[in-house]
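Engineer: According to this note's numbering, the residues represented by the sequence shown are 54 to 481, in order.
Cβ atoms here follow ideal geometry from the backbone N, Cα and C, with glycine treated the same way.
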Amino acid sequence: MMLDEAPEAAIRAAVAAGFEAETRFLADLVAIPSTRGEEAPAQDFMAAAMRKRGFAVDEWTIDPEDLKPLRGFGPVMHDFSRARTVVGSLRPESSEGRSLILQGHVDVVPAGPREMWTTPPFEPVVKDGWMHGRGAGDMKAGLVAALFALDAIRAAGYRPAATVHLQSVIEEESTGLGALSACARGYRADCVLIPEPTDFRMTRAQVGVIWFRLRVRGRPTHVAVAGEGSNAILAAMSVIENLRGLEADWNERAKSHPVYADLDHPLNFNPGVIAGGDWASSVPAWCDVDCRIGILPGTKIEDAQAEIRACVSQAASGHPFLRDNPPEVIWNGFLAEGWILEDADEPEQVFAGAYRKVFGGAKPPDRTMTALTDTRFYGLYYGMPALCWGPKAENIHGFDERVELESMRKCTEAIALFIADWCGLVKL
Ligand SMILES: [Zn+2]
54 MMLDEAPEAA IRAAVAAGFE AETRFLADLV AIPSTRGEEA PAQDFMAAAM RKRGFAVDEW
114 TIDPEDLKPL RGFGPVMHDF SRARTVVGSL RPESSEGRSL ILQGHVDVVP AGPREMWTTP
174 PFEPVVKDGW MHGRGAGDMK AGLVAALFAL DAIRAAGYRP AATVHLQSVI EEESTGLGAL
234 SACARGYRAD CVLIPEPTDF RMTRAQVGVI WFRLRVRGRP THVAVAGEGS NAILAAMSVI
294 ENLRGLEADW NERAKSHPVY ADLDHPLNFN PGVIAGGDWA SSVPAWCDVD CRIGILPGTK
354 IEDAQAEIRA CVSQAASGHP FLRDNPPEVI WNGFLAEGWI LEDADEPEQV FAGAYRKVFG
414 GAKPPDRTMT ALTDTRFYGL YYGMPALCWG PKAENIHGFD ERVELESMRK CTEAIALFIA
474 DWCGLVKL
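1. Helix, strand or coil for H218 per DSSP?
2. For the structure I just gave you, are there three or more beta carbon pairs, one from the region 116 to 134 and one from the region 64 to 73, closer than 8 angstroms?
3. For E91, name the three-state secondary structure that DSSP assigns.
4. Comparing alpha-carbon positions, which option in K180, A209 and V162 lies nearest L478?
5. For ligand 1, which residues count as neighbours when the test is a C-beta closer than 6 angstroms to any heavy atom?
6. Could you give the first and the last residue of the continuous alpha helix (DSSP H) run that contains R462?
7. Would you mind working out which of A415, E176 and G71 sits nearest A164, comparing C-alpha positions?
8. Can you list, in chain order, the residues of its chain whose CB lies under 6 angstroms from that of R266, leaving out five sequence neighbours each side?
9. I need the DSSP call for Y313, collapsed to helix, strand or coil.
10. What residue from M422, A407 and T421 has the CA that sits closest to A415's CA?
11. Mind checking who I383 pairs with in its DSSP beta bridge?
12. Looking at Q96: is its Cβ nearer than 7 angstroms to the Cβ of V140?
13. Relative to the alpha-carbon of P213, which residue among Y313, R345, E459 and P145 has its alpha-carbon at the smallest distance?
14. Answer with buried or exposed for N304, where buried requires no fewer than 16 other C-beta atoms within 10 angstroms of its C-beta.
15. Suppose you measure from the CA of Q156 to the CA of A242; what does that come to, to the nearest Å?
16. Hey, G443 and G229: beta-carbon distance below 7 angstroms or not?
17. Taking all protein chains shown into account, do 16 or more other C-beta atoms lie within 10 angstroms of the C-beta of H353, making it buried, or fewer, making it exposed?
18. Quick one: what's got a C-beta closer than 6 angstroms to G188's C-beta in the same chain, skipping five residues either side?
19. Give me, in chain order, the residues of the same chain whose beta-carbon lies closer than 6 angstroms to that of M54; leave out the 5 immediate sequence neighbours on both sides.
20. Would you tell me roughly how many angstroms separate the C-alpha atoms of C364 and P350, rounded to the nearest one?
21. Buried or exposed: V336, going by 16 or more other Cβ atoms within 10 Å of its Cβ?
22. My assumption, with CB atoms under 8 angstroms, is that Y431 sits in contact with V312. Please give the rounded CB distance.
23. Could you round the C-beta distance between M103 and L219 to whole angstroms and report it? I think they count as a contact, below 8 angstroms.
24. Within 10 Å of its beta-carbon, does G391 have 16 or more other beta-carbons around it, so buried, or fewer, so exposed?
25. Among the candidates L433, R362, L296 and L287, whose CA atom is the shortest distance from the CA of F374?
26. Considering only residues of the region 341 to 385, which uninterrupted alpha helix (DSSP H) runs meet the minimum length of 4 residues and lie entirely inside it, listed in chain order?
27. Output needed for A482: all residues of its chain with C-beta closer than 6 angstroms, excluding positions within five of it in sequence on either side, in chain order.
28. Do you know whose CA, among P417, P319 and E401, lies nearest M568's CA?
29. Could you say which of F404, F126 and E92 lies nearest to F253 if we only look at CA atoms?
30. Is the separation between the beta-carbon of V260 and that of G347 shorter than 7 angstroms?
31. I'd like to check one pair, L425 with V262: are the Cβ atoms closer than 7 angstroms?
32. Per the DSSP calculation, Q156 is bridged to which residue(s)?
33. Looking only at C-alpha atoms, which of T216, P117 and T465 sits nearest to S147?
34. Helix, strand or coil for M54, going by three-state DSSP, please let me know.
35. Do G127 and L299 count as a contact pair if the criterion is CB distance below 7 angstroms?
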């Protein structure tokens, strides 16, 4: 059903009227430092906001053991006892239209050295129309836009004619277990929308990502006789060099991929965390390196894992100490396949209609990602078309992350008009 003009105008006016409250809500959420393992207060905040609005709230602790057998699972190695998913549902007594899942993640990546931020990462400020703060862009603004889109529909005097689930998840930045837990709990809909900060572009494809810890051993001696020892940090550097070779090979392969051929170097290898050794005058006996590497859509996780293992073994085979003491490869996060948006003509068409009303133009521009989002679970394993589209942000995962507030307002409008057209509206 296409929206006639009266509700459209009322909804757009309601977004504008609620925007100051929306901006405040975003600031309050950004002020909660919801880094990995510390997301509980942000989830409390979201659950309270949903309850206040009369959503039926379902929240549960995630037990990784329950999810282990599922496709897309990635192992966690930190304390997961407080890990929760929060879903707020609006369920009409009789559902007429098409149902919808709106999803956002509250987990944010670490801020890094505070002194390198212009303003403190968890004390959001608005400058020149941009809100600064860790997570403001990735992706609290999108999550808040989804919530306030539903507010605007109600303020305009309507409710969605079909079921809408607003899913506040965690772990998007490391395993995706929050989204997977919602799938496992049985949440389904005719379409999923994840308003990640895409700068108004529609995500058409994303790479897969594998995380692993490279655990390298050495033989400790006094540095005075370093030649008798084996330096685990230096050995780790040589293994990293070999992995960079694997990265180069995989990017060569990408040149014949149907979607990724046009992108320069889409698959990135990143040694992201390093720890090792105990003392400056002792040859280090250990070095752990946490790594991330991208894989192409269509590559099987098992095959990529085998290549990573083989690459590490090859590096070890030429090393006098590692030869007999091979490094361990420990899977400690994402085991995520790549994904391409398919079988989504109907939601894409409806979304393009909402987009046109706010932005003009035929439809959102395309975006091919060299990172990933939670869309993969829905598209690959649960048969739900998943759209990933959202506001304009800068410096996500870097210093001075910020989101453009006007883009959040437009995004809120577009989401509200999409809900109206996709789910249909009933007058309150
Ligand atoms: Zn994100």
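Structural biologist: Well, looking at it:
1. One-based indexing of the sequence shown puts residue 218 at position 165. H218 falls in the strand class under three-state DSSP.
2. Contact between the region 116 to 134 and the region 64 to 73 is absent, because fewer than three Cβ pairs lie under 8 angstroms.
3. Locating residue 91 in the sequence shown gives position 38, counting from the first residue. In this structure, E91 counts as coil in the three-state DSSP scheme.
4. Residue 478 sits at position 425 when you count from the first residue of the sequence shown. Among K180, A209 and V162, the Cα nearest to that of L478 is on A209.
5. For ligand 1, the residues with a Cβ under 6 angstroms from any of its heavy atoms are, in chain order, H158, D191, M192, E225 and E249.
6. Sequence index remark: in the sequence shown, residue 462 carries index 409 (1-based). Segment L458 to C476, the alpha helix (DSSP H) holding R462.
7. Taking the sequence shown and counting its residues from 1, one reaches residue 164 at position 111. Its Cα nearest to that of A164, the residue E176 stands out among A415, E176 and G71.
8. Here residue 266 refers to the residue found at position 213 when the sequence shown is read from its first residue. Leaving aside the five residues that flank R266 on each side, the residues in its chain whose CB is nearer than 6 angstroms to its CB run, in chain order, D341, D343, I383 and N385.
9. The count along the sequence shown starts at 1 and reaches residue 313 at position 260. Looking at Y313 - three-state DSSP - the assignment turns out to be coil, as it is neither helix nor strand.
10. Position 362 of the sequence shown, counted from the start, is the residue given in the question as residue 415. Ranked by Cα distance from A415, the options M422, A407 and T421 are led by A407.
11. Here the question's residue 383 lines up with position 330 in the sequence shown. The partner list for I383 (beta bridge, DSSP) reads R266.
12. The sequence position of residue 96 within the sequence shown is 43, counting from 1. The sequence position of residue 140 within the sequence shown is 87, counting from 1. Not closer than 7 angstroms, so no.
13. Position 160 of the sequence shown, counted from the start, is the residue given in the question as residue 213. Here the closest residue by C-alpha is P145.
14. Position 251 of the sequence shown holds residue 304. Burial call: buried.
15. Numbered from its first residue, the sequence shown carries residue 156 at position 103. Numbered from its first residue, the sequence shown carries residue 242 at position 189. Straight-line Cα distance between these residues: approximately 12 angstroms.
16. Against the sequence shown, residue 443 aligns to sequence position 390. Against the sequence shown, residue 229 aligns to sequence position 176. For G443 and G229, no; Cβs fall outside 7 angstroms.
17. As a working note, residue 353 is residue 300 in the sequence shown. For clarity, residue 353 is Lys in the given sequence; the question names His instead. With fewer than 16 other Cβ atoms within 10 Å, it is exposed.
18. Here the question's residue 188 lines up with position 135 in the sequence shown. The answer, listed in chain order, is V83 and V161.
19. By one-based count along the sequence shown, residue 54 stands at place 1. Reliability fails at M54, whose pLDDT of 48 lies under 50, so the model's placement of it is uncertain and the value that follows must be treated cautiously. Cβ within range, chain order: G477.
20. Here residue 364 is taken as the residue at index 311 of the sequence shown, counted from 1. Here residue 350 is taken as the residue at index 297 of the sequence shown, counted from 1. Rounded to the nearest angstrom, the two C-alpha atoms are 21 angstroms apart.
21. Along the sequence shown, read from residue 1 onward, the residue named residue 336 stands at position 283. V336 should be labelled buried.
22. Position 378 of the sequence shown holds residue 431. Position 259 of the sequence shown holds residue 312. A Cβ-Cβ separation of about 18 angstroms leaves Y431 out of contact with V312 under the 8 angstroms criterion.
23. Position 50 of the sequence shown holds residue 103. Position 166 of the sequence shown holds residue 219. The C-beta distance from M103 to L219 rounds to 7 angstroms, short enough to fall under 8 angstroms.
24. The residue labelled residue 391 in the question sits at position 338 within the sequence shown. With a threshold of 16 other beta carbon atoms within 10 Å, G391 meets it and is buried.
25. One-based indexing of the sequence shown puts residue 374 at position 321. Nearest option by C-alpha distance: L287.
26. Within the region 341 to 385, complete alpha helix (DSSP H) segments of at least 4 residues are found at 354 to 370, given in chain order.
27. As shown, the chain starts at 54 and ends at 481. That puts residue 482 outside it, with no answer to give.
28. Absent from the model: residue 568. The displayed extent of the chain is 54 to 481, so no value can be given.
29. Counting from 1 along the sequence shown, the entry for residue 253 is found at position 200. Of F404, F126 and E92, the residue nearest in Cα terms is F404.
30. Numbered from 1 along the sequence shown, position 207 holds the residue referred to as residue 260. Numbered from 1 along the sequence shown, position 294 holds the residue referred to as residue 347. Taking 7 angstroms as the cut-off, the beta carbon of V260 is found closer than this to the beta carbon of G347.
31. For the purposes of this step, residue 262 is identified with residue 209 of the sequence shown, where counting begins at 1. For the purposes of this step, residue 425 is identified with residue 372 of the sequence shown, where counting begins at 1. With contacts defined as CB atoms closer than 7 angstroms, V262 and L425 qualify as a contacting pair.
32. Looking up residue 156 in the sequence shown gives position 103. Q220.
33. Counting from one through the sequence shown, the residue named residue 147 turns up at place 94. It is T216.
34. Locating residue 54 in the sequence shown gives position 1, counting from the first residue. Residue placement at M54 cannot be trusted, given a pLDDT of 48 that sits under 50; what the coordinates show is reported in the next sentence. In the displayed model, M54 falls within coil according to three-state DSSP, outside both helix and strand.
35. Numbered from 1 along the sequence shown, position 246 holds the residue referred to as residue 299. Numbered from 1 along the sequence shown, position 74 holds the residue referred to as residue 127. Between L299 and G127, the C-beta spacing is not below 7 angstroms.
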